[in-house]
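Here's the structure we're looking at; comments come further down.
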């Protein structure tokens, strides 16, 4: 397939250029553009649920869709982050049960996706996460307590997106994918080699902004990786009600970008696929769509009851595919992980959990005047008036409390 | 065109800022000196071109804004002058346009985007309300969004449905958005440049029926004043204008209703009534002081707007004036607005739009003593 070029645009940055660049990029694989865009026939899986490295011929790779196994150092780091991520998820859920946090959408079971999404990026790259991606944000290096500020309830976000190059965790579905596209576009216009990874779930692929973001990224030929964690449920609604496409990765070809499916509980395969996607995007191959086949092991949040819409047998089936256990077995069998290593990693996970308990146990003072501080860069006269009104209310409350105390 | 695009120095400057400030733009030298008849469209176009000359992080994009120069020609010549990297067409997707602009603003640019018509902006509503308006607040002021959403709005052009809405209330109601709407050619230039300079997101509502209105304007002088940064060259955000001084009653209007109010004041003058006309200019932030000063002086007021009256910007203005000027009022404040019906078909719009007669009727109702 040659990409049709019936556009008249001639600018080097225009859509025709995007098509040419893609055709060029695909040449090195010796396959057609169509075969490049379509996902490999099977999902990429390198380590099976029992922790065994699969023979190369059974990894799902095919010409143009080849993935070298990542290096040991990267895999060990990934395992460490997996263990920490699992501990973070479980600690946060416990804090919700104890009433110390309002809500926590856990990524328990999806930690391999969380870890790989962060580890595949370089320091200058950007990540745009959703509300369920707290572990990915922490893996990117953001302070765990700052990440949890949104769920602690003292502000909407706790970290500086510009400092970490991580968008604020986004609640409205897929709206952040367009922000990712804009960040990548700005970087490209300045000639920077920034790659942007934009995250969403399977349900979110039904949203209009998903379509608009993928199309914009493809038309402007931007280095964006759309990373879809297909965890099978949008709160209660199963994937079959969202899409009847052969796979979510197949949506890529409709936009003119490459798609790939990967076992989302196999961090080895995830890193292999995402590392290559980042490399390709950075080299100018345009955007890519990666669908990770995973499972949301727990309810949507503590407010949800998943027994109303799925069978426990299904959950049990996925428990056997756990990403942490699988990696532990694999690394131990390869002699890369021993009891000392395990103990060290466990201690690290405990330290992060303690940090969360401490940080979220604290009663953080809130400043009512902060309500007005950030609406605009400078408060309007109307906001100043309202701020003075609130200050007066609070002063009168304080005076009343004071006189009551004095009278006792 | 080679990428000479740099990060805005004013906002989110996470890359070494090297904003190119051109002392005088190329456009300036081509202009005749002194005041000339200039259309609103030309003034807006000049403001965009000058802002793009002054700061390479200013980008313009939307639907048909490239080769065509926009359906109203507001972006005419910008692609030819600045290249397709800085003024370009996007796929037809308004949410995509706004959402991409958010990302660009996060990453050091100052995007200006065009929504082709008022009612075509609605697909972008979620991006505008949930992200554009809230980003600075959500991030405790760490992320600024210096972006301008240009929206041609209002009726009076005989447009078919979905081309004539007055949608300002949606944006004005949303905390975190500034809403500007110029009513003169000079303000078209000044306010658009201020909007682009603003580190806050601005919804810039352009009265489309006034695009071809001509005023005698000295664009090079406006440019010079803007670039000097003197207050004389500034419409100044949050400052309403006394468009016509008067003593008997105050007409409060904005955007496309200002010329209607001016015509009404002229007609009233022939009948011996002196009406002051206030041009609101920036709906957000709203200039309570100028509006209330006028109403306290005249003791009577009529608010005029094309938009439906119910739950509207005009309701807000009445409420604010009443709260602040009650004891100065000789009569209840009246409103002359569009009826609470969907914007009508072209042959019916003359019955819908506030006109001079309807304004004068409202003025007549202000409980005059003799």
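Residue numbers (the working numbering), protein chains in the order written: chain V, 10 to 417; chain B, 3 to 372. Just so it is clear, CB atoms sit at the ideal spot from N, CA and C, and this is done for glycine as well.
**Item:** Cross-strand partners of residue 337(B) (DSSP beta bridge)
**Value:** As a first step, residue 337(B) must be located in the second chain, where it is residue number 335. Per DSSP, 305(B).
**Message:** Could you give the first and the last residue of the continuous alpha helix (DSSP H) run that contains residue 148(V)?
**Reply:** As a first step, residue 148(V) must be located in the first chain, where it is residue number 139. Its alpha helix (DSSP H) spans residues 143-148.
**Asked** Where does residue 302(V) fall in DSSP's three states?
**Response** Within the first chain, the letter at position 293 stands for residue 302(V). Reduced to three states, the DSSP call for residue 302(V) is strand.
**Prompt:** Does the segment 210-221 of chain V touch the segment 85-102 of chain B, meaning 3 or more C-beta pairs lie closer than 8 Å?
**Reply:** yes
**Enclosing beta strand (DSSP E) for residue 239(V) [first to last residue]** = Here residue 239(V) is taken as the residue at index 230 of the first chain, counted from 1. Note, residue 239(V): beta strand (DSSP E), 233-239.
**Nearest-angstrom Cβ-Cβ length linking residue 196(B) and residue 239(B), presumed shorter than 8 Å** = Numbered from 1 along the second chain, position 194 holds the residue referred to as residue 196(B). Numbered from 1 along the second chain, position 237 holds the residue referred to as residue 239(B). Indeed, because the Cβ distance is near 6 Å, the residues count as touching under 8 Å.
**Asked** Based on the DSSP output, what are the partners of residue 38(B) in its beta bridges?
**Response** Translated into positions along the second chain, residue 38(B) becomes position 36. Looking at the DSSP assignment, residue 38(B) forms a beta bridge with 219(B).
**Request:** Please list, in chain order, all residues of the same chain as residue 302(B) whose beta carbon is under 6 Å from its beta carbon, the five residues on each side excluded.
**Result:** In the second chain, counting from the first residue as 1, residue 302(B) sits at position 300. So the list reads 251, 332, 333 and 368, once near-sequence residues are dropped.
**Asked** So which residues of chain B does residue 307(V) contact, with C-beta pairs closer than 7 Å?
**Response** The residue you call residue 307(V) lines up with position 298 of the first chain. Within chain B, no residue comes near residue 307(V); the closest Cβ sits about 26 Å away, beyond 7 Å.
**Check whether residue 364(B) and residue 304(B) have beta carbons under 8 Å apart** = Locating residue 364(B) in the second chain gives position 362, where the first residue counts as 1. Locating residue 304(B) in the second chain gives position 302, where the first residue counts as 1. In contact: residue 364(B) and residue 304(B) (Cβ atoms closer than 8 Å).
**Message:** With a threshold of 8 Å between beta-carbons, can residue 164(V) be considered close to chain B, or not?
**Reply:** Counting from one through the first chain, the residue named residue 164(V) turns up at place 155. So, interface residue.
**Request:** Give a yes or no on contact between the segment 152-168 of chain B and the segment 115-135 of chain B, applying the rule of three or more CB pairs nearer than 8 Å.
**Result:** yes
**Among 384(V), 222(V), 373(V) and 144(V), nearest to residue 92(V) - alpha-carbon criterion** = As a working note, residue 92(V) is residue 83 in the first chain. Among 384(V), 222(V), 373(V) and 144(V), the Cα nearest to that of residue 92(V) belongs to 144(V).
**Message:** Nearest by alpha-carbon distance to residue 360(V): which of 234(V), 154(V), 117(V) and 293(V) is it?
**Reply:** As a position in the first chain, residue 360(V) is number 351, starting the count at 1. If we check each option's Cα against that of residue 360(V), 154(V) comes out closest.
**Asked** Which residues does DSSP pair with residue 1(B) in a beta bridge?
**Response** Nothing about residue 1(B) can be read from this structure; chain B reaches only from 3 to 372.
**Asked** Between the segment 47-58 of chain B and the segment 73-80 of chain B, do at least 3 Cβ pairs fall closer than 8 Å?
**Response** yes
**Request:** Counting only the same chain and skipping the five closest in sequence on each side, list residues whose C-beta sits under 7 Å from that of residue 308(V).
**Result:** Sequence index remark: in the first chain, residue 308(V) carries index 299 (1-based). Closer than 7 Å at Cβ, skipping near neighbours: 314 and 315.
**Request:** Can you have a look at residue 320(B) and say buried or exposed, based on whether 16 or more other CB atoms are within 10 angstroms of its CB?
**Result:** For the purposes of this step, residue 320(B) is taken as residue 318 along the second chain, with counting starting at 1. Buried.
**Prompt:** Under 8 Å Cβ-Cβ, which residues of chain B neighbour residue 218(V)?
**Reply:** Counting from one through the first chain, the residue named residue 218(V) turns up at place 209. Neighbours of residue 218(V) on chain B, chain order: 97, 98, 101, 128 and 129.
**Message:** So residue 384(V) contacts chain B; which residues on that side make the cut at Cβ distance below 8 Å?
**Reply:** Counting from 1 along the first chain, the entry for residue 384(V) is found at position 375. In chain order: 138, 139, 177 and 178.
**Prompt:** Using 8 Å as the limit for Cβ to Cβ distance, is residue 145(B) near chain V?
**Reply:** Taking the first residue of the second chain as 1, we reach residue 145(B) at position 143. Closer than 8 Å to some Cβ of chain V, the Cβ of residue 145(B) qualifies, so yes.
**Asked** Listed from N- to C-terminal order along the chain, which residues in the segment 197-212 of chain B have their beta-carbon within a distance smaller than 7 Å of any beta-carbon of chain V?
**Response** 201 and 202
**Item:** Helix, strand or coil at residue 371(V) according to DSSP, with G and I counted as helix
**Value:** Against the first chain, residue 371(V) aligns to sequence position 362. Three-state result, residue 371(V): coil.
**C-alpha distance - residue 297(V) paired with residue 258(B), whole-angstrom precision** = The residue you call residue 297(V) lines up with position 288 of the first chain. The residue you call residue 258(B) lines up with position 256 of the second chain. Cα-Cα distance, rounded: 46 Å.
**Message:** Within the continuous beta strand (DSSP E) that includes residue 245(B), where are the two ends?
**Reply:** For this step, residue 245(B) is matched to residue 243 along the second chain. Counting along the chain, the beta strand (DSSP E) containing residue 245(B) begins and ends at 243-246.
**Message:** Counting only C-beta atoms, is residue 62(B) closer than 8 Å to chain V at any point?
**Reply:** For the purposes of this step, residue 62(B) is taken as the residue at position 60 of the second chain. Output row for residue 62(B): interface = no.
**Request:** Confirm, please, whether the CB-CB distance from residue 241(B) to residue 283(B) is below 8 Å.
**Result:** Here the question's residue 283(B) lines up with position 281 in the second chain. Here the question's residue 241(B) lines up with position 239 in the second chain. For residue 283(B) and residue 241(B), yes; Cβs fall inside 8 Å.
**Message:** I need the straight-line Cα distance from residue 133(B) to residue 305(V), nearest angstrom please.
**Reply:** For the purposes of this step, residue 133(B) is identified with residue 131 of the second chain, where counting begins at 1. For the purposes of this step, residue 305(V) is identified with residue 296 of the first chain, where counting begins at 1. Looking at the two C-alpha atoms, the distance is approximately 27 Å.
**Message:** Distance cutoff 8 Å, beta carbons only. Does residue 92(B) sit that close to anything in chain V?
**Reply:** Counting from 1 along the second chain, the entry for residue 92(B) is found at position 90. Yes - at least one Cβ of chain V is within 8 Å of the one on residue 92(B).
**Message:** Is it the case that the segment 160-167 of chain V contacts the segment 231-246 of chain V, given that we only count it when at least three CB pairs across the two stretches are under 8 Å?
**Reply:** no
**Asked** With a cut-off of 8 Å, does the C-beta of residue 55(B) fall near any C-beta of chain V?
**Response** Mapped onto the second chain, residue 55(B) falls at position 53. Taking Cβ atoms only, chain V never reaches closer than 8 Å to residue 55(B), which makes this a no.
**Where residue 56(V) sits in the DSSP three-state scheme** = Looking up residue 56(V) in the first chain gives position 47. In the structure shown, residue 56(V) sits in a strand (DSSP, three-state: E or B).
**Item:** Interface partners of residue 152(B) on chain V, CB under 9 Å
**Value:** Numbered from 1 along the second chain, position 150 holds the residue referred to as residue 152(B). Those do not exist, as residue 152(B) stays about 17 Å from chain V at its closest Cβ, beyond 9 Å.
**Request:** Answer yes or no: does any C-beta atom of chain B fall closer than 8 Å to that of residue 214(V)?
**Result:** Here residue 214(V) is taken as the residue at index 205 of the first chain, counted from 1. No, because no Cβ of chain B sits closer than 8 Å to the Cβ of residue 214(V).
**Prompt:** To which residues does DSSP link residue 243(V) through a beta bridge?
**Reply:** As a working mapping, residue 243(V) is identified with position 234 in the first chain. Answer is 246(V).
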